[in-house]
Amino acid sequence: MIDSYFFIKRCFMKTTYFLFLSILFSPIFLSAQSIPNGGFENWSAPNAYNVPDSWGNLNVLTSEFSVYTCTKGSPGSAGAAFLKLTTKNIPGVGVINGIAVSGNLNTTDMSTDAGFPYSERPISLTGKWQYMGFGADMGIVAVYLTKWNSLTTQRDTVGGIFHPLTGMEMSWASFSLPIVYLSNETPDSCLIALASSGENPVANSYLYVDELAFELNSSGFNTVQSSDFILYPNPAQTELTLELPASSAHIRFFDFSGKLIQQQTTNGNSRQTINLIDFAPGVYWVQVQTKQGISTSRFIRQ
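Structural data, given as structure tokens:
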């Protein structure tokens with residue numbers, strides 16, 4: 006029987022969160038580039054079924070059952086096509102996750118052989134999506150920015166995202182997922198992993214994705230890791246106080262799905278009080294950029 010949790014677990018480098026991850030694929034010596042086929046306009050059919058160029062997937066395994074968890078949707082949010090990942094049930098086999106990874110997916114052991122060359126420090130991953138997780142199921146979007154360490158001969162994680170998708174988004178919606186940095190290193194490669202289901206996949210859960218791109222820093226602030234800022238109280242009710250590492254900062258608030266909901270630039274005061282009256286109860290991300298660096302933290306609005 007094909008174990009779809011085994012697939013996604015190996016696909017995400019045998020971990021549940023990138024903070025504990027060192028990615029062990031080979032060094033990459035090419036120049037940096039944007040996300041390959043991030044708009045999902047380019048597809049090929051080497052085995053009589055469509056697959057997105059530059060994205061590994063499970064179709065080669067499921068095709069013998071005439072089942073495809075990675076398919077081409079049309080039209081896209083922009084352009085002619087988009088990526089459709091759908092969790093499928095194969096009678097006699099089991100429930101199979103819809104997975105796509107940027108680069109090569111080794112379908113023998115579900116490891117990722119490589120990402121793609123990338124040497125920027127983006128603020129966030131942006132794009133358009135639709136998704137639905139049936140029952141308690143949830144999709145996943147993950148990004149790993151890494152750098153080859155010649156001393157340890159393995160990849161060190163510079164930063165990334167591991168973002169579960171709860172609830173639903175039934176029409177095209179924009180998202181912006183803030184990237185959390187673990188060091189001030191500049192990465193040399195990137196791996197993006199997308200999945201229609203999580204640990205307990207449910208048939209027919211889906212994730213549609215289009216217009217993937219990285220948002221680069223345009224505020225004039227450096228994007229290196231700084232000392233963590235302090236926020237309190239957490240959980241918060243009507244107000245949130247931020248103790249910033251500098252008096253001049255750019256503050257951005259995201260809801261848990263990654264949608265940017267508020268931003269502001271401060272000048273002259275390292276303590277900021279944020280009014281939360283317009284924030285619905287839930288989990289939020291706050292990202293602080295200063296000339297010293299960037300930090301991201303999470304808080305709860307009760």
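For the sequence shown, position 181 matches number 186 in the numbering used here, and the numbering has no gaps at all. C-beta atoms are modelled at their ideal positions from N, C-alpha and C, and glycine is treated no differently. What you are looking at is a predicted structure, and each value in this text was computed from that prediction instead of being measured.
Cβ separation of residue i and residue j, assumed to be a contact under 8 Å, to the nearest whole Å
i    : j    : result
V106 : G61  : 5 Å
G263 : L196 : Not a contact, Cβ separation roughly 18 Å.
Y213 : G78  : 6 Å
R126 : T191 : 6 Å
Buried versus exposed, by CB contacts within 10 Å (16 or more), residue i
i    : result
N64  : buried
T158 : exposed
T92  : buried
A254 : buried
A147 : buried
G140 : exposed
S202 : buried
I166 : buried
L221 : exposed
P41  : buried
T151 : buried
A198 : buried
G138 : buried
L236 : buried
P51  : exposed
F30  : With a pLDDT of only 41 at F30, under 50, the local geometry of the prediction cannot be trusted, and the value read off the model is given with reservation. It counts as buried.
Cβ-Cβ distance between residue i and residue j below 9 Å
i    : j    : result
I104 : T74  : yes
T131 : Y149 : no
P169 : G144 : yes
Q297 : P238 : no
D193 : G81  : no
P240 : Q307 : yes
D142 : V185 : no
F219 : S59  : no
S252 : N272 : yes
I128 : I266 : no
I95  : F70  : yes
Member of the options whose CA lies at the smallest distance from the CA of residue i
i    : options                   : result
I347 : E125, P57, F259 and K296  : With the chain covering 6 to 307 only, the question about residue 347 has no answer from this structure.
S68  : T301, V56 and F121        : V56
S179 : Y136, I256 and L66        : Y136
S176 : G203, N205, K133 and A241 : K133
Y289 : T301, G165 and T295       : T301
T171 : A200, I266, W153 and A86  : A200
S210 : K89, P41 and S49          : K89
R257 : S181, G78, S155 and E204  : S181
L66  : N102, N280, G78 and F87   : N102
A85  : Y54, E46, Y123 and G97    : E46
Q268 : V291, V72 and N274        : V291
A83  : L236, L217 and I235       : L217
S188 : G164, E174 and M173       : G164
R303 : N205, T270, T278 and F234 : F234
Beta carbon proximity, residue i to chain D, threshold 9 Å
i    : result
S210 : Of the chains in the structure shown, none is chain D; there is only one protein chain.
Assess, as a yes-or-no matter, whether the segment 280–287 is touched by the segment 242–249 under the definition of 3 or more beta carbon pairs within less than 8 Å. yes
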